[in-house]
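Visitor: In my numbering, the protein residues as written are 60 to 478.
Virtual Cβ for every residue (Gly too), placed ideally from N, Cα, C.
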Amino acid sequence: MIKSIKKLFFKSEFNRNVLKLISGSAIANVINFLAIPILCRIYSVEEFGYFQLLFSMITILGVISCLKYEMTLTLTQNKKESDNLFFASVSILIIFSIILFFIVKVFGEITLSFFNANHLNNYIYWICPGVFSLGLYELLNYVFMRKKAFGKMAKFRFVQVLLIQLTAIAFGIITSGFEKLLFSFILGNLTVSTFMIFKSDIQFQHFDLNLMIKLLNRFKKFPIVNMPMALVNTFSMQLPVFILSTYFNAEVIGFYMMANRILTTPMQLISRSVGRVYYKEASDAFSGSKEKLKTIFKNTVSQIAKIGLLPLLVIIPFAPILTNLLLGNQWAMTGIFMQIMMPWIYFQFVNLPVSTTFSIINRQEIGLILIIISIILRYTAMVTWSETPIQQITALTIVASLFYITYIYSSFILLREKT
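Spelled out as structure tokens, the structure:
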């Protein structure tokens, strides 16, 4: 296990870039973990459930708020083109957020009633600034990714998490209400994004409307294919929240949300950091050596799979005990959810770093088809086995695990055909 970690982190430039992201993100994740017991004693299980329902909507819309043009910033070696792709993405984000406001105004309450959440009508407009802040932060990450400034990205991530958690704790102590969690998320993203803009090398004198239009047309496959793929992929991950809300109360959503957060926070420390580096390195390899791309893919999957075994072997037998110690007896159901969900989270952990492979080799449509099938199967499984929350989570885990295994294998098959 230790040998795998050393091999992953220290052998090459790829691994050193991963280490830069992980080193900064590790501190951010420690802050997240230290904040969990405090937040769980400030906010109720029900308040976390309310927060998660709106946050799931923000996450889904935030992912597509730039129509996935942010991904194109790393695909051009020309600085002026990259800057104009940034300008285009920001323009799209602003327009998207304005249109979203009017959509929420018309359909917001109807949407909440579908999830038995009319008590959240007064808070539905928080979705708009939430989406804008998330979209802007993710866009700026690609600005620094293009320069391979992974050390700076890690520092920004640390500041973001620190701001979000400190404000959530401070506001929660001053006055109760789940909306403080939403406000903290928005404030943290906007503050860090502003700082990132000033620290970036974006040259505003490069602004060229004609070039922007040409670039948007050149990379039109991203909103046509990548955006739907990102939308359905993110929706598939948030689907359990929506289904649970239609069958059970907000407390069940709160238990699920906390189980998911505890499991994914430390594992995504590695998988997301590796994924950001993989996307850049694999994109460069695809332009040159296809054989190198296949090697990067295989090595990444192999090493991540080995690293993920440790939490798998710890969580399944000991989750209820750990949950009681960390959160208290009122969160006991979270420990049971963690035991059930762990196999699914493990395969998600292995898949996440290489999930952009279809985009890199311009076969996004394959990934889109797989994700759509996954959504149908997840929905069917959770609706069919819906007598209890445990039954629903078990059905979801089985289907999700099979999906991630299939996704990884399909990516490898296509890479093998390319070489």
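1) For Ile-97, tell me which candidate among Ile-169, Ser-418 and Met-317 has the shortest Cα-Cα distance.
2) Run through DSSP, which three-state label would Lys-273 get?
3) For Gln-262, name the three-state secondary structure that DSSP assigns.
4) Is it the case that the segment 301-315 contacts the segment 101-112, given that we only count it when at least three CB pairs across the two stretches are under 8 Å?
5) Determine the burial state of Val-165: buried for a count of at least 16 other Cβ atoms within 10 Å of its Cβ, exposed for fewer.
6) Report buried or exposed for Ala-229, applying the criterion of at least 16 other Cβ atoms within 10 angstroms of its Cβ.
7) Could you spell out the range, first to last residue, of the alpha helix (DSSP H) harbouring Glu-340?
8) Between the beta-carbon of Met-286 and the beta-carbon of Ile-169, is there less than 8 Å?
9) Does DSSP classify Asn-421 as helix, strand or coil?
10) Between which residues of its own chain and Val-104 is the CB-CB distance below 6 Å, once the five residues before and five after are set aside?
11) With a cut-off of 8 Å on the beta carbons, I'd call Ala-94 and Gln-264 a contact; round off their distance for me.
12) Would you call Ala-459 buried or exposed, if buried means 16 or more other Cβ atoms sit within 10 Å of its Cβ?
13) Does the segment 428-435 come close enough to the segment 387-397 that 3 or more CB-CB pairs lie under 8 Å?
14) May I ask you to report which of helix, strand or coil DSSP gives Trp-444?
15) Can you list, in chain order, the residues of its chain whose CB lies under 6 Å from that of Phe-215, leaving out five sequence neighbours each side?
16) Count the other C-beta atoms from every protein chain shown that fall within 10 angstroms of the C-beta of Val-190, then say buried if there are 16 or more, exposed otherwise.
17) Check whether the segment 284-299 touches the segment 369-380, counting contact only when three or more Cβ pairs, one atom from each stretch, lie closer than 8 Å.
18) Would Glu-129 be called buried (16 or more neighbouring beta carbons within 10 Å of its own) or exposed?
19) For the alpha helix (DSSP H) that contains Trp-403, what are its first and last residues?
Guide: Let me lay it out:
1) Within the sequence shown, the letter at position 38 stands for residue 97. It is Met-317.
2) If you number the sequence shown from 1, residue 273 lands on position 214. Helix at Lys-273.
3) Here residue 262 refers to the residue found at position 203 when the sequence shown is read from its first residue. Reduced to three states, the DSSP call for Gln-262 is coil.
4) yes
5) The residue you call residue 165 lines up with position 106 of the sequence shown. With fewer than 16 Cβ atoms within 10 Å of its Cβ, Val-165 is classed as exposed.
6) Numbered from its first residue, the sequence shown carries residue 229 at position 170. Exposed, because fewer than 16 other Cβ atoms sit within 10 Å of the Cβ of Ala-229.
7) In the sequence shown, the residue the question calls residue 340 occupies position 281. Its alpha helix (DSSP H) spans residues 309-346.
8) Against the sequence shown, residue 286 aligns to sequence position 227. Against the sequence shown, residue 169 aligns to sequence position 110. No, Cβ-Cβ distance for Met-286 and Ile-169 is not below 8 Å.
9) Numbered from its first residue, the sequence shown carries residue 421 at position 362. Coil, per DSSP.
10) By 1-based counting over the sequence shown, the position of residue 104 is 45. Counting only Cβ-Cβ distances below 6 Å, and skipping sequence neighbours, we find Glu-310 and Gly-313.
11) Numbered from its first residue, the sequence shown carries residue 94 at position 35. Numbered from its first residue, the sequence shown carries residue 264 at position 205. Between Gln-264 and Ala-94 the Cβ distance is about 42 Å, and since that is not below 8 Å, they are no contact.
12) Walking along the sequence shown from the start, residue 459 turns up at place 400. That one is buried.
13) no
14) Here residue 444 is taken as the residue at index 385 of the sequence shown, counted from 1. Three-state result, Trp-444: coil.
15) Locating residue 215 in the sequence shown gives position 156, counting from the first residue. These residues qualify, in order along the chain: Val-251 and Met-255.
16) On the sequence shown, residue 190 is found 131 positions in, with the first residue counted as 1. Buried, because 16 or more other Cβ atoms sit within 10 Å of the Cβ of Val-190.
17) no
18) Here residue 129 refers to the residue found at position 70 of the sequence shown. Buried, by the Cβ-count rule.
19) Translated into positions along the sequence shown, residue 403 becomes position 344. From DSSP, the alpha helix (DSSP H) with Trp-403 extends over 391-410.
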